[in-house]
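The working numbering puts the first residue of the sequence shown at 1251, with every later residue one more than the last. Data first, discussion second: the structure below is written as structure tokens.
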Amino acid sequence: MSTYLSRFHSRRLGLYEENNIVYSEQLTLFQKLLSGRWQKVRVTNSPFYTYPVVKTCSLVTMLDKSLPLTMPGTFVEIKDYFQETDAGIFDALMYLPVEYVQTSSLTPIDKQSAIKALDDQIDKLEMTDDAAKSLLADLKVGLDMVSSGYISFGKSHQTLIVYADSPERLVKDTNIVTTTPEDLGLIVTYSTLSLGAAYFAQLPGNYTLRPRLSSISSLNFAEMESFHNFFTGKEKGNTNNLITPGRLRK
């Protein structure tokens, strides 16, 4: 895994020490996912689930009790997916001038269960003489690929939490975020009753809390999850350290 991800300049999160205090990079990331703010998290002898990283949430506001201010946020869920996927199909979200956290998951199901689910769906369409001939053809192709071991199927979910400095800005940013997936062919909706589940499903291991599970193939998931971002620059240049800009005299 490390070798494959090295092309994206990834590194393993761990512990680091500052002023004789040990901090966790992984818990710092969880803090960002839950609160929308970067804050160092110290390592103690207590289990991490007892840390004050756990937040309270309401329908419109995420409150980080370890920070002095609240940060408005709203969840957007993927209700229905594309007819077709391509590598990098979510890249359009990277260009938005909006602060958001995208969470996705895929829990594979066994081969026989996937084959049975596809067979049942094909039988339903054929028995009702459904007019969706292209869908029927795609299901048969998927069945062949699963049976041959080329792909697998699993339960997946996708959520976006949008953060902003004020409720007014949040409304504008949320409209921007929802418009982009809709232009791509997605059907999105705001989290209401499932808000708490969507919030805690951002953390690994909370698979039972995931809202709006959909069955997708491993190929679909791989094409939707590019695992890349814009380069933020290098600490050291090709020939020397960072260059400090200065004002020139005319």
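Beta carbons are placed, not taken as given, at the ideal position from N, Cα and C, and that holds for glycine. These numbers were taken from a predicted model, which means no experiment stands behind them.
- Query: If you pair each beta-carbon of the region 1368-1383 with each one of the region 1428-1443, do three or more pairs fall below 8 Å?
  - Reply: No: the two stretches stay apart, fewer than three of their Cβ pairs being nearer than 8 Å.
- Message: Rounded to the nearest angstrom, what separates H1259 and M1344 at their Cα positions?
- Response: The residue you call residue 1259 lines up with position 9 of the sequence shown. The residue you call residue 1344 lines up with position 94 of the sequence shown. Rounded to whole angstroms, the separation of the alpha carbons of M1344 and H1259 is 18 Å.
- Message: Once the 5 residues before and after L1368 are set aside, which same chain residues still bring their CB inside 7 Å of it?
- Response: Counting from 1 along the sequence shown, the entry for residue 1368 is found at position 118. By the criterion of a C-beta distance shorter than 7 Å, L1368 is surrounded in its chain by L1389, G1392, L1393, V1396, once the five residues flanking it on both sides are discounted.
- Paired residues, beta bridge with T1439 - DSSP: For the purposes of this step, residue 1439 is identified with residue 189 of the sequence shown, where counting begins at 1. DSSP output for T1439 lists E1327 as bridge partner(s).
- Task: Identify every residue that forms a DSSP beta bridge with G1399.
- Result: As a position in the sequence shown, residue 1399 is number 149, starting the count at 1. Beta-bridge pairing links G1399 to no other residue.
- Task: Over the uninterrupted alpha helix (DSSP H) stretch that includes I1426, give me the two end residues.
- Result: Translated into the one-based positions of the sequence shown, residue 1426 becomes position 176. Start and end: 1417-1434.
- Message: I believe A1448 touches T1424 by the beta-carbon criterion, under 8 Å. Please report the beta-carbon distance rounded to the nearest angstrom.
- Response: Counting from 1 along the sequence shown, the entry for residue 1448 is found at position 198. Counting from 1 along the sequence shown, the entry for residue 1424 is found at position 174. Rounded, the Cβ-Cβ distance is 14 Å, inconsistent with contact.
- Note down the Cα distance separating R1460 from N1270, rounded to an integer number of angstroms. As a first step, residue 1460 is located in the sequence shown; it is residue number 210 there, counting from the start. As a first step, residue 1270 is located in the sequence shown; it is residue number 20 there, counting from the start. A straight-line Cα-Cα distance of about 39 Å links R1460 and N1270.
- Same chain only: Cβ atoms within 6 Å of S1476, ignoring 5 sequence neighbours per side: Reading the sequence shown from its first residue, position 226 is the one you call residue 1476. When the five nearest sequence neighbours on each side are left out, the beta carbons in the same chain lying within less than 6 Å of the beta carbon of S1476 are those of G1338, in order along the chain.
- Ranges of the beta strand (DSSP E) found wholly within the region 1258-1286, counting only runs of at least 3: Here the runs fully enclosed are 1265-1268, 1271-1274.
- Mind reading off the beta-carbon distance from F1471 to L1283? Whole number of angstroms is fine, and I expect it under 8 Å. In the sequence shown, residue 1471 corresponds to position 221, counting from 1. In the sequence shown, residue 1283 corresponds to position 33, counting from 1. The pair is not a contact, with the Cβ atoms about 20 Å apart (cut-off 8 Å).
- Task: Determine the extent of the beta strand (DSSP E) in which Q1352 is found, giving its start and end residues.
- Result: Looking up residue 1352 in the sequence shown gives position 102. In this chain, the beta strand (DSSP E) harbouring Q1352 covers 1349-1358.
- From what residue to what residue does the beta strand (DSSP E) around I1466 run? Position 216 of the sequence shown, counted from the first residue, corresponds to residue 1466. Here the beta strand (DSSP E) through I1466 covers 1464-1467.
- Contact check, S1402 vs A1364, beta carbons under 9 Å: Position 152 of the sequence shown, counting from 1, holds the residue named residue 1402. Position 114 of the sequence shown, counting from 1, holds the residue named residue 1364. Taking 9 Å as the Cβ cut-off, S1402 and A1364 qualify as a contacting pair.
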